[in-house]
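Below you'll find the structure, written out as structure tokens, and then a few comments.
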């Protein structure tokens, strides 16, 4: 972890501001919340050692594209250095590391919201559909990429069934087989760039406790060109966790989503299985990281909820 003193030094040197710094959780990037002397908040991201610059430029272009569209969503806004660069570099030991400063998106994370009402889930669907529709025309060379969190490729999880008990394996295989059987339909569905990770820590809700609204989304690091329906499947997967009737809750989200993006009958035919495949990806990733003895609690933060939801989804 980069020392707080080093973060302050970088911010002063490259942005000309003095800040207080707090660490935030994250999967790969180091994340920090900054507050300047005028009480303006920011998020500061430091990439892993020897990271590739191209994906960071890709994320920056997505955010600047959406900023120009002026949509009714609060999203991170890239902030340039005093030299006008959206991505800077510094040396850590012998490695070069990249950093980015962005505006802070205010709100409470979805994971901490109680109660999560039917109305709030519908609003979430509306805002997710708004994002989907506004990304329809975005294009970038790096949008075509392969990685484990792309639901299109989620059958890679078949290679790790040995990490599970017989009962767990039986549940997983049922959905994997059903997804395999849908491939002729699924591979021909409409495609676009999607956020691809609207999980319960990337969805922000207003501070209004009486009539809360979904205000925005953060973390576009997993954005990819894929089947468009994958995005609402991922929203549903996280938003219906810890809900007594996840199918009913999923319909709330879908009702809102169709206000901005109307899914085809073929997309809807695949949706139920795609939600399950996101949970299967989550529990498989967690199992692999346990085997590899990862000590980052963020790596298994959704594991138990994903298992619980998957079991309910199957009944």
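In the working numbering, the protein residues as written are -14 to 300. Glycine included, every Cβ here is placed at the ideal spot set by N, Cα and C. The structure displayed is predicted, hence computed values, not measured ones.
Whose C-beta lies closer than 8 Å to the C-beta of residue i among residues of the same chain, with five residues either side of it excluded?
i           : result
residue 252 : 174, 175, 212, 213 and 214
Could you tell me if residue i is buried or exposed, where buried requires 16 or more neighbouring beta carbons within 10 angstroms of its beta carbon?
i           : result
residue 338 : With the chain running from -14 to 300 in the structure shown, residue 338 is simply not present.
residue 300 : exposed
residue 77  : exposed
residue 106 : buried
residue 29  : buried
residue 24  : exposed
residue 85  : buried
residue 129 : exposed
So what's residue i in DSSP terms, helix, strand or just coil?
i           : result
residue 2   : coil
residue 274 : helix
residue 268 : helix
residue 154 : helix
residue 63  : strand
residue 237 : helix
residue 80  : strand
residue 293 : helix
residue 160 : helix
residue 93  : strand
residue 226 : coil
residue 120 : coil
Using a Cβ-Cβ cut-off of 6 Å (strictly less than) and excluding sequence neighbours within five positions of residue i, which residues of its own chain qualify?
i           : result
residue 135 : 209 and 211
residue 246 : 114, 117 and 118
residue -13 : 15 and 31
residue 185 : 95, 96 and 223
residue 275 : none
Can you check DSSP and say which residues form a bridge with residue i?
i           : result
residue 16  : 9 and 30
residue 176 : 212
residue 49  : DSSP lists no partner for residue 49.
Tell me which residues share the same chain as residue i and place their Cβ nearer than 7 Å to its Cβ, disregarding the 5 neighbours each side in the sequence.
i           : result
residue 123 : 47, 50 and 178
residue 165 : 140
residue 6   : -11, -8, -7, 17 and 19
residue 248 : 214
residue 88  : 27, 61, 62 and 64
Please look up how many angstroms separate the CB atoms of residue i and residue j, rounded, as I've assumed it's under 8 Å.
i           : j           : result
residue 112 : residue 199 : 5 Å
residue 260 : residue 221 : 5 Å
residue 258 : residue 160 : 6 Å
residue 72  : residue 83  : 5 Å
residue 120 : residue 255 : Contact doesn't hold; Cβ gap of about 19 Å is too wide.
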